[in-house]
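Colleague:
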Amino acid sequence: MLNPYLPYPVRIDEITNEWDDRNLKSFKFVFLNPEDEQKFAYKPGQFAELSVTGKGEIPIGIASSPTEKGFVKFTVNKVGLVSSHLHNMKVGDIMGIRGPLGNWYPWEILKGKNVVIIGGGFAFTTLRSSIVYMLDPANRKDFGDIHVFLGVRNPGMLLYRDELAAWGARDDIHVHITADFADDPNWKYNVGNVPSLAEKKGPPADENTYAVVCGPPVMIKFTQPVLDKQGYAHDHIIMSLENRMKCGIGICGHCNTGKELVCKDGPVFTLAQLNKMAKEY
Amino acid sequence: MKVIKIDKGKWESGLEALKKSYTLLGPKNLNHSFEFKELKANEAPDLTGLNTRMSAKGLVYPQSQAMFTYTLDQNDADHHIMKPLDKKPSKRAVIGMRPCDADAFLLVKRNFDTPEYKDPYWIEAYEATVLIGLACTDPCGTCFCTTAGSGPASEKGLDVILLDKKDYFIAKPITAKGEAFLSASSWTEEMNASQAEKDLQEAGSAAEKKITSFIHTENLRDKVSMEIYNAPFWEDVSFSCINCGTCTFVCPTCWCFDIQDETHKNKGVRMRNWDSCMFPLFTLHGSGHNPRGEKVQRVRQRFMHKLKYYVDKYENGIQCVGCGRCVRSCPVNIDIRRVCELMNHPENATCAAQ
Chain Y
591 MLNPYLPYPV
601 RIDEITNEWD
611 DRNLKSFKFV
621 FLNPEDEQKF
631 AYKPGQFAEL
641 SVTGKGEIPI
651 GIASSPTEKG
661 FVKFTVNKVG
671 LVSSHLHNMK
681 VGDIMGIRGP
691 LGNWYPWEIL
701 KGKNVVIIGG
711 GFAFTTLRSS
721 IVYMLDPANR
731 KDFGDIHVFL
741 GVRNPGMLLY
751 RDELAAWGAR
761 DDIHVHITAD
771 FADDPNWKYN
781 VGNVPSLAEK
791 KGPPADENTY
801 AVVCGPPVMI
811 KFTQPVLDKQ
821 GYAHDHIIMS
831 LENRMKCGIG
841 ICGHCNTGKE
851 LVCKDGPVFT
861 LAQLNKMAKE
871 Y
Chain S
340 MKVIKIDKGK
350 WESGLEALKK
360 SYTLLGPKNL
370 NHSFEFKELK
380 ANEAPDLTGL
390 NTRMSAKGLV
400 YPQSQAMFTY
410 TLDQNDADHH
420 IMKPLDKKPS
430 KRAVIGMRPC
440 DADAFLLVKR
450 NFDTPEYKDP
460 YWIEAYEATV
470 LIGLACTDPC
480 GTCFCTTAGS
490 GPASEKGLDV
500 ILLDKKDYFI
510 AKPITAKGEA
520 FLSASSWTEE
530 MNASQAEKDL
540 QEAGSAAEKK
550 ITSFIHTENL
560 RDKVSMEIYN
570 APFWEDVSFS
580 CINCGTCTFV
590 CPTCWCFDIQ
600 DETHKNKGVR
610 MRNWDSCMFP
620 LFTLHGSGHN
630 PRGEKVQRVR
640 QRFMHKLKYY
650 VDKYENGIQC
660 VGCGRCVRSC
670 PVNIDIRRVC
680 ELMNHPENAT
690 CAAQ
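Chains as they are written, first to last, in my numbering: chain Y, 591 to 871; chain S, 340 to 693.
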């Protein structure tokens with residue numbers, strides 16, 4: 591019997607500091623057994639359990655895109671026991687990953703549609719996966735206009751800087767970046783919060799436009815009225831939830847919100863679905 | 340399948356014969372309570388108790404269980420890689436469990452054995468276990484099995500059902516697993532199957548008549564989940580709760596668990612341990628945010644899960660078999676039967692009428 595709790599062994603291949611305060615790091619993992627990479631076939635929006643041997647597991651969204659081969663990437667904020675230990679690990683260290691887990695952004699529905707991505711802070715990880723995926727030459731023709739709104743607290747907390755700059759220079763994606771506060775004279779992006787930027791520069795709603803929103807609760811709270819004002823139907827607003835998890839496969843019972851399990855029935859839900867559910871996330 | 344008549348004089352010798360091929364488990368009287376324990380040589384189950392304090396779930400799903408081992412020693416070839424345990428559960432039989440506990444395994448199986456994911460620890464232990472039930476003839480005052488999908492002589496989930504006839508037991512095999520178990524014993528006296536069936540049915544209906552406690556669940560499925568969730572009675576229901584978690588630990592159908600790494604020097608095990616939705620830590624995020632930080636939210640979660648979420652998800656009744664353990668064990672007398680009544684008629688409830 592296949593053991594769904596057994597992580598694939600991986601080696602840390604690259605560690606990047608994403609924030610000036612070094613509290614956010616991206617990790618590239620390489621599978622020790624190459625055939626495990628085939629088994630780990632994922633779609634943007636899914637997550638995995640990162641298993642730090644001797645400390646435990648944490649559920650983290652997959653930041654790499656399935657179009658990127660040879661590694662998987664995760665961006666992890668230093669918060670608790672496991673993530674703090676992970677932040678102290680070095681390139682070459684061995685650990686495990688278990689997944690892919692959960693559902694994904696509805697790529698079957700998003701095909702042929704305009705996509706507005708709205709993200710805040712380090713919740714941008716699975717959105718990065720989605721952008722890389724949509725911009726892949728083989729996939730770009732499958733999508734209409736792509737808008738990206740990213741808000742960070744201050745310029746030092748801008749993650750994926752080089753990639754964002756490169757996307758900003760392209761003519762097939764509209765990138766809008768803002769910092770809540772900025773006293774850095776070299777800051778070349780907007781100042782202010784995401785919802786007001788999205789209100790100013792976001793495309794109007796129509797049947798063929800979907801918003802994918804992922805960020806901290808406060809950003810979501812103020813973004814939803816803007817999307818409502820712009821006329822987005824609630825089944826056109828796609829969100830990703832987080833909850834404390836252990837198994838990640840719908841068995842241990844930790845992450846339910848109402849009858850849905852965030853790990854298995856989610857983490858991706860439409861706002862229309864969330865409206866009917868208990869808000870226990 | 341052959342129904343066996345076990346003369347009480349041959350009961351213990353038959354058990355000794357079975358111990359050669361099975362590990363036998365059964366209730367033991369620990370003075371303060373009955374608990375399932377392994378039956379060593381010359382030990383027979385004590386079948387005089389009404390029901391065990393802890394349910395039989397721990398026999399298949401231990402309260403604490405190793406999942407993997409690992410080494411952190413860089414000199415070991417496989418350091419930092421999780422290794423599955425090579426031990427598999429051996430054949431065992433539980434003798435004298437009540438029918439409600441067996442039915443509970445069928446409910447819990449829906450969680451551990453799904454089309455997408457199979458929990459090997461639970462499934463392997465469940466498959467290695469033969470469930471020998473003892474029909475209830477004197478139900479407890481807190482038993483409400485007949486309105487919770489089970490019953491005093493229910494055969495659901497059992498491999499063999501026993502009926503105590505004073506001088507002898509009727510042993511009726513229900514599954515091939517149960518038949519194989521009986522044939523490994525030294526009990527060979529066959530009994531007329533229709534007579535046995537008649538005796539079981541009569542005993543079952545006599546016991547059912549002694550059950551005085553009922554729940555009503557007919558509205559739960561059709562109610563909108565959020566109507567019950569937002570009903571006004573949850574503050575009252577949860578007021579006295581001390582979040583001790585006893586209800587979840589004694590419950591045969593509560594299945595939640597935690598996973599932890601336990602390291603000693605350079606070696607360790609990844610463990611799983613029963614967890615409880617009554618504990619604030621159960622849902623605490625790394626950020627400090629807690630979706631069920633309030634007691635009322637946690638108490639509501641437990642009852643909503645058993646009596647609404649489970650009902651909606653599996654469309655196969657409630658996640659409760661009516662064993663009454665949570666009612667008996669709760670230190671502050673929170674009673675699932677009363678809560679079920681409120682949930683079944685949320686429109687009538689303004690507060691938790693005592």
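The C-beta atom is built at its ideal place from N, Cα and C for all residues, glycine as well.
Buried or exposed: where does I657/S fall if 16 or more other Cβ atoms within 10 Å of its Cβ makes it buried?
Modeller: Taking the first residue of the second sequence as position 1, residue 657/S is located at position 318. Burial call: buried.
Colleague: Once DSSP output is grouped into helix, strand and coil, what is the label at L691/Y?
Modeller: Here residue 691/Y corresponds to residue number 101 of the first sequence, with the count starting at 1. L691/Y falls in the strand class under three-state DSSP.
Colleague: By alpha-carbon positions, which one of F630/Y, H675/Y, S673/Y and H677/Y ends up nearest to S655/Y?
Modeller: In the first sequence, the residue the question calls residue 655/Y occupies position 65. Nearest option by C-alpha distance: F630/Y.
Colleague: Rounded to whole angstroms, what's the CA-CA distance from L691/Y to I420/S? Just pull it up for me.
Modeller: Walking along the first sequence from the start, residue 691/Y turns up at place 101. Walking along the second sequence from the start, residue 420/S turns up at place 81. Rounded to the nearest angstrom, the two C-alpha atoms are 20 Å apart.
Colleague: Taking 7 Å as the CB-CB cut-off, is P775/Y touching chain S?
Modeller: Taking the first sequence and counting its residues from 1, the one referred to as residue 775/Y is at position 185. No, P775/Y lies away from the interface with chain S (no Cβ there is under 7 Å from its Cβ).
Colleague: Name, going along the chain, the residues of the stretch 820-838 of chain Y whose beta-carbon falls closer than 9 Å to a beta-carbon of chain S.
Modeller: Answer set for the stretch 820-838 of chain Y: E832, N833, R834, K836 and C837.
Colleague: Which residues in chain Y sit within 8 Å of Q599/S, going by Cβ to Cβ distance?
Modeller: What you label residue 599/S is simply residue 260 of the second sequence in a count that begins at 1. Per Cβ cutoff of 8 Å: G646.
Colleague: Which of the three DSSP states is assigned to C580/S in this structure?
Modeller: Here residue 580/S refers to the residue found at position 241 when the second sequence is read from its first residue. C580/S falls in the coil class under three-state DSSP.
Colleague: Since W461/S and V563/S are thought to touch, with beta carbons under 8 Å apart, how far apart are those beta carbons, to the nearest angstrom?
Modeller: If you number the second sequence from 1, residue 461/S lands on position 122. If you number the second sequence from 1, residue 563/S lands on position 224. With a Cβ gap of about 33 Å, W461/S and V563/S do not count as contacting.
Colleague: For I763/Y and K778/Y, I'd like the C-alpha separation in whole angstroms.
Modeller: Against the first sequence, residue 763/Y aligns to sequence position 173. Against the first sequence, residue 778/Y aligns to sequence position 188. One C-alpha to the other measures close to 18 Å.
Colleague: Just by C-beta distance, which residues in the stretch 406-438 of chain S are closer than 8 Å to chain Y?
Modeller: Of all residues in the stretch 406-438 of chain S, M406, F407, Y409, L411, H418, H419, I420, M421 and P423 have a Cβ within less than 8 Å of some Cβ in chain Y.
Colleague: Rank E566/S, R392/S and Y409/S by C-alpha distance to the C-alpha of P599/Y and give the top, closest one.
Modeller: The residue labelled residue 599/Y in the question sits at position 9 within the first sequence. Taking only the C-alpha atoms, the option nearest P599/Y is Y409/S.
Colleague: Which residue wins for smallest C-alpha separation from D732/Y, given the options L700/Y, D752/Y, I841/Y and P794/Y?
Modeller: The count along the first sequence starts at 1 and reaches residue 732/Y at position 142. The option with the nearest alpha carbon to D732/Y is L700/Y.
Colleague: Taking a cut of 9 Å between CB atoms, which residues from the stretch 626-647 of chain Y lie near chain S?
Modeller: Those would be S641, V642, T643, G644, K645, G646 and E647, in chain order.
Colleague: Indicate whether at least one CB of chain S lies closer than 7 Å to the CB of K872/Y.
Modeller: Because residue 872/Y is not part of the residues shown, which for chain Y are 591 to 871, the question remains open.
Colleague: In chain S, which residues lie with their C-beta within 7 Å of the C-beta of M685/Y?
Modeller: If you number the first sequence from 1, residue 685/Y lands on position 95. Residues of chain S passing the Cβ test: H419.
Colleague: Tell me which residue opens and which closes the alpha helix (DSSP H) that R677/S is part of.
Modeller: In the second sequence, residue 677/S corresponds to position 338, counting from 1. Start and end: I675 to N683.
Colleague: Which term fits Q628/Y, buried or exposed, when burial requires 16 or more other beta carbons within 10 angstroms of its beta carbon?
Modeller: As a working note, residue 628/Y is residue 38 in the first sequence. Exposed: under 16 other Cβ atoms inside 10 Å.
Colleague: Thinking C-alpha only, which one of K367/S, R637/S, Y653/S and T476/S is nearest Q540/S?
Modeller: For the purposes of this step, residue 540/S is taken as residue 201 along the second sequence, with counting starting at 1. Here the closest residue by C-alpha is T476/S.
Colleague: Mind the definition here: the stretch 379-393 of chain S touches the stretch 441-450 of chain S only if three or more C-beta pairs lie below 8 Å; say whether that holds.
Modeller: Short answer: they don't touch.
Colleague: Which residues share a DSSP beta bridge with L502/S?
Modeller: Here residue 502/S refers to the residue found at position 163 of the second sequence. Per DSSP, I509/S.
Colleague: When you compare the CB of F596/S with every CB in chain Y, is at least one pair closer than 7 Å?
Modeller: One-based indexing of the second sequence puts residue 596/S at position 257. Output row for F596/S: interface = yes.
Colleague: Would you check if the stretch 382-390 of chain S and the stretch 355-367 of chain S touch, i.e. whether three or more CB-CB distances between them fall below 8 Å?
Modeller: The stretch 355-367 of chain S, when compared against the stretch 382-390 of chain S, does touch it at the 8 Å Cβ threshold.
Colleague: For P491/S, decide whether its Cβ has a neighbour in chain Y, counting only Cβ atoms nearer than 7 Å.
Modeller: As a first step, residue 491/S must be located in the second sequence, where it is residue number 152. Output row for P491/S: interface = no.
Colleague: Have a look at the DSSP bridge pairing and note the partners of Y800/Y.
Modeller: Counted from its first residue, the first sequence places residue 800/Y at position 210. Per DSSP, V705/Y.
Colleague: Smallest Cα separation from L717/Y: which of G821/Y, N613/Y, M829/Y and T768/Y?
Modeller: As a first step, residue 717/Y must be located in the first sequence, where it is residue number 127. Cα-wise, what sits closest to L717/Y is M829/Y.
Colleague: Determine the chain S residues that contact M591/Y at a beta-carbon separation under 8 Å, and present them in chain order.
Modeller: Numbered from 1 along the first sequence, position 1 holds the residue referred to as residue 591/Y. Going along chain S in sequence order, the residues near M591/Y (Cβ under 8 Å) are K457, P459, I462 and E463.
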